[in-house]
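Residue numbers (this note's numbering): 33 to 562.
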């Protein structure tokens, strides 16, 4: 190998935070500080104490997505070493997380409706100066972190960020939230924070050939000298693809809730980027090379890992102009997407409140409110995105749980009928503690937890969205059923599950009204009439 090379299309660059798959709550300092002691260490110590139980549970399909470490029982010594390393390298985060939980518990227990001022003096030292205590209008005591300050504190440590680089063997991976990524003989470690330009260099290397010597020199500068990296390079150059859109408004479905919309003038927006690797087989898919050379806008619907996938975002950062995110509410469970993205190297991030918009060329993007999907928590960083591309209107309603149909009636009064609707039917959803459990000051009663789920609309609520908005074309997301996202969603892709049944029912109900309706899966490419 001596000439021009590119990165093979099936090479995975898996972002990690101290050996755990990186997602937004491991970047935002307060949520990360709580996840380390109350999720990561809890899981690892449980595995060490009973590896056989974890191994057996991971073979049981009914327990998919549960708190079980998917490692062989022979990995116990490696996990013990990881526990020790975690306690050493993340000592300040652990101390902050424990102090934060202690402070939260104390204020809930002791604040009695009288002035809350005296409690500042009793706060644990690690959190003093980083939190504000307050009462809700209903006189319930609460606590918020001053998040921008935390990014300047020891609670945020970019040195804990790295990547594991390896060649994919199909789409299977261990579940991201319960299994750490241990060192492996077929992988290369990239020990650089996510803001480092090396991630952009490697991302561009997938489609832009470079001299081999220049590639190896650039990798050496980033601390990667492992000869194994040569296995990830190829002299077989990728085909030349004309990625410039021409004519009409087009949308392409990349899986889950990821859709690219391109206006007639070439302006584009990518919703909830999750892009598969080219594994040379299996389900037909679009891959990174199928995206335009420049992405004008990326919009993120809400702060869950299957909609804010850092792995894909880092792979696209070099070609993204602007990321648009919903404004956060400031609560502990609602960290700022803007601050998180800026901390890992995204330069242009815009926050929009409900009904706020951005506009460029023939593209107008408006943030619309949606209800539910967050277990009744006060989560405000969520938006359905109304995209007007030329004469076409498309609404990406994500996991909206249509708890109150009048919200869509009000939106129709403002924006008129919305021709094309994309919506999920994840009407079952995990209990909210699945994502937010480590943040809770005290455990929630299991019966209550089971009623507060991370769920979207079912067919009955979905059809009310359709009729309220006057939509003529309805597309139901695959909702994590594609195999390349199972490691994040752990969703059962079977056709007899409640979401799958409701998706079919919604499609049938729409067709019964004379509307065009489809369930999406894998990929789709549609050009809309002018």
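For each residue, glycine too, the CB sits at the ideal point set by N, CA and C. The structure presented is a predicted model; accordingly, all values stated were derived computationally and were not measured.
If you measure from the CB of residue 387, is any heavy atom of the ligand FMN nearer than 7 Å? No copy of the ligand FMN appears in this structure; indeed no ligand is present at all.
Does the Cβ of residue 217 have 16 or more other Cβ atoms within 10 Å, making it buried, or fewer, making it exposed? exposed
Just how far apart, CA to CA, sit residue 356 and residue 330? 6 Å
Are there 16 or more other CB atoms within 10 angstroms of the CB of residue 123, so buried, or fewer, so exposed? exposed
What separation, rounded to the nearest whole angstrom, lies between the Cα atoms of residue 254 and residue 222? 8 Å
Shortest alpha-carbon distance to residue 474 belongs to which of 59, 66, 60 and 48? 66
N-terminal and C-terminal residue of the alpha helix (DSSP H) that residue 81 is part of: 73-81
Quick check: residue 293 and residue 198, are their CB atoms within less than 8 Å of each other? no
Using the Cα positions of residue 397 and residue 84, report the straight-line distance between them to the nearest angstrom. 51 Å
Drop a sphere of 10 angstroms on the beta-carbon of residue 435, count the other beta-carbons inside from all chains shown, and report buried for 16 or more, exposed for fewer. exposed
Counting beta carbon pairs with one atom in the segment 320-339 and one in the segment 419-439, are three or more of them shorter than 8 Å? yes
What does a CB cutoff of less than 6 Å around residue 452 pick up in its chain, not counting 5 residues either side in sequence? 426 and 505
DSSP three-state call for residue 450: helix, strand or coil? coil
Specify the secondary structure class of residue 385 as computed by DSSP and reduced to three states. coil
Helix, strand or coil, according to DSSP, for residue 309 in the structure here? coil
Can residue 211 and residue 102 be called in contact, C-beta distance under 8 Å? yes
Around the Cβ of residue 415, are there at least 16 other Cβ atoms within 10 angstroms (buried) or fewer (exposed)? buried
What's the C-alpha gap between residue 168 and residue 143? 12 Å
Under a Cβ-count criterion, where at least 16 other Cβ atoms within 10 Å of its own Cβ denotes burial, should residue 69 be classed as buried or exposed? buried
Which whole-angstrom value describes the C-beta separation of residue 433 and residue 487, a residue pair presumed to lie in contact below a C-beta threshold of 8 Å? 6 Å
Buried or exposed (CB count within 10 angstroms, at least 16 for buried), residue 404: buried
Residue span of the alpha helix (DSSP H) that contains residue 287, given as start and end: Where residue 287 is concerned, there is no enclosing alpha helix (DSSP H), although the beta strand (DSSP E) it sits in stretches over 281-287.
For residue 549, which residues of its own chain have a beta-carbon under 6 Å away from its beta-carbon, when the five flanking residues on both sides are left out? 506, 539, 542 and 543
Would you check if the distance between the CB atom of residue 291 and the CB atom of residue 402 is smaller than 8 Å? no
Which residue comes first and which comes last in the beta strand (DSSP E) that contains residue 395? 395-400
When you compare only the Cα positions, how much space is there between residue 172 and residue 145? 8 Å
Residue 540, enclosing alpha helix (DSSP H) - first and last residue: 530-544
Once the 5 residues before and after residue 75 are set aside, which same chain residues still bring their CB inside 7 Å of it? 99, 101 and 210
Would you decide whether residue 38 is buried or exposed? Buried here means 16 or more other CB atoms lie within 10 Å of its CB. buried
May I ask you to report which of helix, strand or coil DSSP gives residue 146? coil
Express the C-alpha separation of residue 341 and residue 55 in angstroms, rounding to a whole number. 7 Å
Three-way DSSP call (helix, strand, coil) for residue 55 in this model: coil
Assign residue 360 to one of two classes, buried (16 or more other C-beta atoms within 10 Å of its C-beta) or exposed (fewer than that). buried
What separation, rounded to the nearest whole angstrom, lies between the Cα atoms of residue 88 and residue 81? 14 Å
Checking the sheet assignment: what are the DSSP bridge partners for residue 300? 294
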